[in-house]
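FYI, in this note's numbering the residues of the sequence shown are 650 to 1058. Built from N, CA and C at the ideal position, the CB exists for glycine as well. Accompanying notes for the structure given below.
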Amino acid sequence: MTPTVACRACGGAQLVPVVSLGTMALANALVPQDLPKSDEPAFPLELVFCPDCTLVQLTVSVSPELLFRDYVYFSSYSDTVVRSAREIARRVMQRQALAGGSLAVEVASNDGYLLQHYKEAGVPVLGIEPAQNIAKVAEERGIPTLRDFFGRDLAATLAKRGQSADVLHANNVLAHVPDLNGFVAGISLVLKEKGLAVIEVPYVKDMIDGCAFDTIYHEHLCYFSLTALDRLMDRYGLVIEEVESIPAQGGSLRLFVRRKAGYGQGPSVIGLLADEATWGVGDLQFYRNFASKMEAVRQTLPALLKTLKGQGRIVAGYGAAAKGAVLLNYCRIGPEVLDYVVDRNPHKQGLAMPGVRIPVVSPDRLVEQPPDDLLILPWNIAEEVMAQQAAYRDRGGRFVIPIPVPRVV
């Protein structure tokens, strides 16, 4: 664990506390059910604000080797993620007129969920994925994958050996990297002169407005506004040409980034930067009410679940996602309240949620021994989950959505 003594983006030293979730286990590190508590690492989970460049970030960095070398998040188990990947790949192939002589690169390429669509269209691909087990799955799908972390050095190596990118995707990864400057410098180095980088990041304003504190975990080192991103890209000769708001991660920004030479900010970027100035996202005051909104969920959600339990109802969770681990640990919800958590990912089944130690089981349990109420932990895809589990609802099962206001549906 490395304490943050200066801003990860600009080096500013006057970091101001925003909110603390206490000390917490690693949200994606599901554990054997019999692992002693003393063997499970836990680290401070606290946010600070940089008044110099407006970046919101964690106070510590946990080693990427510990976080990502053996990972259990597989993108292909989310229908929403796969559907979004197919659509953005189609759009980018048209926009960039990609063909057999092009190269599509994805950083943090996971199991090949996105690059498979380029490959199917005849566009050469290259994945970069540090998690050994997930890279292996991608390679078995026929996606060439470098098992490494992306940054300045790897980008320079790729450019030197003729693997510069016509398009580079970086979905939900920029927030994960300790060396922001090295990562963005790497994009600048590996992107072709007319290349396009498509970058998705959770949007700090959506996190605040929607009380999405469960997106705060040790993998997510930074929480971006467009203002902070604009300054970061500019430092390395890059310009955000276009920006879109998308629902991923409870609210994200999708950036279309180019080299500055020959390109400039489009109306969507200019407009959102102006809006952020009006909203005050560059002012510490914007973040002041976040803690009280979080505390309201911490009080009301356990009370709701305990009331259901007290009525003799069986209550379980759906989706052993990182955000679910944060929610359960912050709200102090353990196996005395949730009997189990179901998850489609077989790599998670048989393990336990970090910290709270609730067992993770197959969705078959919903048929064999259905609960009365099902807490949707990845609440940002609640509609997808409820559609998948329509048969459960038809049998009288109910869903609990925890954020922004806990409710039964």
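Distance, Cα to Cα, residue 1033 vs residue 727?
So the alpha carbons of these two residues sit roughly 9 Å apart.
DSSP puts residue 706 in a beta bridge; with which residues?
Bridge partners of residue 706: 697 and 871.
Tell me which same chain residues have a C-beta within less than 6 Å of the C-beta of residue 950, skipping the five on either side of it?
980, 1051 and 1055.
Contact belief for residue 677 with residue 971 at Cβ below 8 Å, rounded distance in angstroms
5 Å between Cβ atoms; contact.
Under three-state DSSP, which class holds residue 899?
The three-state secondary structure of residue 899, taken from DSSP, is helix.
So, under 8 Å CB-CB, residue 1021 and residue 964 are touching, yes? Tell me the CB distance rounded to an integer number of Å.
Correct: roughly 7 Å between the Cβ atoms.
Would residue 1049 pass as a contact of residue 904 if the rule is Cβ separation under 9 Å?
In terms of Cβ geometry, residue 1049 and residue 904 do not form a close pair [threshold 9 Å].
Looking at C-alpha atoms only, which residue of 665, 815 and 883 is the closest neighbour of residue 931?
Selected option, being the one with the closest Cα: 665.
Ranges of the alpha helix (DSSP H) found wholly within the segment 716-782, counting only runs of at least 4:
Within the segment 716-782, the complete alpha helix (DSSP H) runs of at least 4 residues are 728-745 and 764-769.
Using 8 Å as the Cβ pair cut-off and three pairs as the minimum, do the segment 849-856 and the segment 889-901 touch?
At 8 Å Cβ cutoff, the stretches touch.
Using 10 angstroms around the beta-carbon of residue 658, count the other beta-carbons present and answer buried if the total reaches 16, otherwise exposed.
By the neighbour-count rule (16 or more Cβ atoms within 10 Å), residue 658 is buried.
Where DSSP assigns a beta bridge to residue 849, which residues make up the other side?
820 and 903.
Rounded to the nearest angstrom, what separates residue 1026 and residue 976 at their Cα positions?
Rounded to the nearest angstrom, the two C-alpha atoms are 8 Å apart.
Starting from the Cα of residue 754, find the closest Cα among 808, 943 and 729 and give me that residue.
Measuring from the Cα of residue 754, the nearest candidate turns out to be 808.
CB-CB under 8 Å to residue 1062, same chain, minus the five flanking residues each way: which ones, in chain order?
In the structure displayed, the chain extends from 650 to 1058; residue 1062 sits before or after that span and is not available.
Does residue 638 come out as helix, strand or coil in the three-state DSSP assignment?
Outside the shown range of the chain (650 to 1058) lies residue 638, about which nothing can therefore be said.
So what does DSSP say about residue 815, is it helix, strand or coil?
In the three-state DSSP reduction, residue 815 falls in the strand class (E or B).
Option nearest residue 792 by Cα separation, candidates 812, 801, 938 and 769
Taking only the C-alpha atoms, the option nearest residue 792 is 769.
If you measure between the beta carbons of residue 974 and residue 866, is that distance less than 9 Å?
Yes, they are a contact pair.
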